[in-house]
Amino acid sequence: MTTSPFSASAPAVVRVRIDEADAGQRIDNYLLRVCKGVPKSHVYRILRSGEVRVNGGRIAPTYRLALGDELRIPPMRIAQKASSAPVPAGAALPVIFEDDALVVIDKPPGKAVHGGSGISHGVIEQLRAQRPEARMLELAHRLDRETSGLLIVAKKRSALKVLHDMQRAGEIEKHYFTLVAGAWRNRLQHIRLPLFKYLAADGERRVRVSDEGKSAHSIVRLLRRVGEFSLLEVELKTGRTHQIRVHLSHLGYPLAGDDKYGDFALNKRLTATGLKRMFLHAARLRFVHPLSGETLDLESPLPPDLSQFLSSLEGGRA
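Residue 1 is where the sequence shown starts when you use the UniProt record's numbering, and the numbers rise one by one after that.
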């Protein structure tokens with residue numbers, strides 16, 4: 001994670017040598033990231049005017065930085081913000097796999113992957129607070145706040161770019177466990193329904209099945225039926241927002257505990273009987289390591305809160 005080389009009190013020309021952590025990033029995105037407090041319009045103005053130089057020459061805002069590039073950034077005064085409380089490091093996040101290119105953590109439920117929308121900090125901010133020496137830590141993908149399980153964080157820009165390319169190509173296998181209301185019929189079922197993102201009347205982001213939307217493909221496997229519920233494994237072939245939740249609820253099988261697309265009367269009953277959040281867990285990732293070429297097959301067991309609730313259902317107590 002590159003720290004800003006700029007000062008609010010004594011602006012001056014800054015020269016930066018691009019290392020492996022920043023190689024491959026667009027120059028405009030790099031400047032927006034490191035020049036915290038500088039207006040976006042000003043960053044693009046100095047790029048268009050040629051005040052930013054790479055290896056002594058002018059470059060376009062879309063130029064991708066290369067390893068060893070020498071970057072000249074003109075003086076910029078950064079607006080000072082009111083001091084804010086530092087992100088608490090908190091308990092160490094469980095690590096499933098780590099090397100010099102990436103780290104895969106087992107995200108706890110109830111924690112957003114990043115700050116924003118009224119959330120002061122999330123998993124990525126906590127990870128950075130726990131590892132202040134890290135040159136770079138960036139999310140390779142996302143999980144909903146209530147969803148627990150496997151989350152990839154890149155430690156190198158080169159790894160992040162490859163991971164993003166792999167996701168767009170559908171080359172990262174993602175498997176989830178979920179519990180839905182109703183008796184799911186098929187042992188194996190492909191769901192291909194396009195998903196459309198929109199803003200609800202209250203300004204909240206929502207998704208619905210619509211021909212206006214983007215293609216989305218989920219593969220559902222029935223693991224077992226539990227009373228009036230079904231335990232499913234869902235493999236995502238695309239990574240659309242709220243894909244599992246919307247696909248299954250559209251077919252009449254809402255996720256237990258889903259407060260956006262679920263059965264609200266049922267959720268109220270489930271809360272009283274022990275389910276405190278949405279029953280969705282990112283259980284398995286299988287992909288080729290972006291730099292080494294090694295095949296990684298990583299798993300996270302069902303966490304205690306979901307496992308215990310499932311046991312209570314199977315015992316007939318819920």
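C-beta: ideal position from N, C-alpha, C; glycine also. None of these values were measured; they are calculated from a predicted model.
Distance between beta carbons of residue j and residue i, contact taken as under 8 Å
| i | j | result |
| --- | --- | --- |
| Ala282 | Ser148 | 7 Å |
| Val52 | Ile18 | Not quite, the Cβ-Cβ distance comes to about 13 Å (not below 8 Å), so this is no contact. |
| Ser230 | Val180 | 5 Å |
| Lys260 | Arg245 | 7 Å |
| Leu195 | Arg240 | 5 Å |
| Asp263 | Met278 | The pair is not a contact, with the Cβ atoms about 12 Å apart (cut-off 8 Å). |
| Ser312 | Gly274 | 6 Å |
Reduced DSSP category for residue i - H, G, I as helix; E, B as strand; rest coil
| i | result |
| --- | --- |
| Asp106 | strand |
| residue 322 | Residue 322 is absent from the structure shown; the chain starts at 1 and stops at 318. |
| Val209 | strand |
| Lys36 | coil |
| Ile244 | helix |
| Leu251 | coil |
| Lys260 | coil |
| His175 | strand |
| Ala181 | strand |
| Arg145 | coil |
| Ala91 | coil |
CA-to-CA distance, residue j to residue i, given in whole angstroms
| i | j | result |
| --- | --- | --- |
| Pro303 | Asp144 | 16 Å |
| Glu299 | Leu285 | 7 Å |
| Leu306 | Ser215 | 30 Å |
| Thr238 | Ile191 | 11 Å |
| Gln167 | Ala159 | 12 Å |
| Ala134 | Arg157 | 13 Å |
| Thr295 | Val113 | 25 Å |
| Leu71 | Leu137 | 22 Å |
| Leu67 | Glu204 | 41 Å |
DSSP bridge partner residues for residue i (one or two, in chain order)
| i | result |
| --- | --- |
| Gln167 | According to DSSP, Gln167 bridges with nothing at all. |
| Gln189 | Val220 |
| Asp28 | Answer is none; Asp28 lacks a bridge partner. |
| Lys197 | Val207 |
| Lys214 | Leu195 |
**Prompt:** Okay, do the stretch 149 to 161 and the stretch 181 to 193 touch, 3+ Cβ pairs below 8 Å being the bar?
**Reply:** no
Count Cβ pairs between the stretch 167 to 182 and the stretch 228 to 244 that sit closer than 8 Å; are there 3 or more?
yes
Check whether the stretch 100 to 114 touches the stretch 277 to 292, taking contact to mean three or more Cβ pairs, one atom from each stretch, closer than 8 Å. yes
request  = Say whether the stretch 33 to 50 touches the stretch 67 to 78, bearing in mind that this needs 3 or more beta-carbon pairs closer than 8 Å, one atom from each stretch.
outcome  = A contact exists between the stretch 33 to 50 and the stretch 67 to 78.
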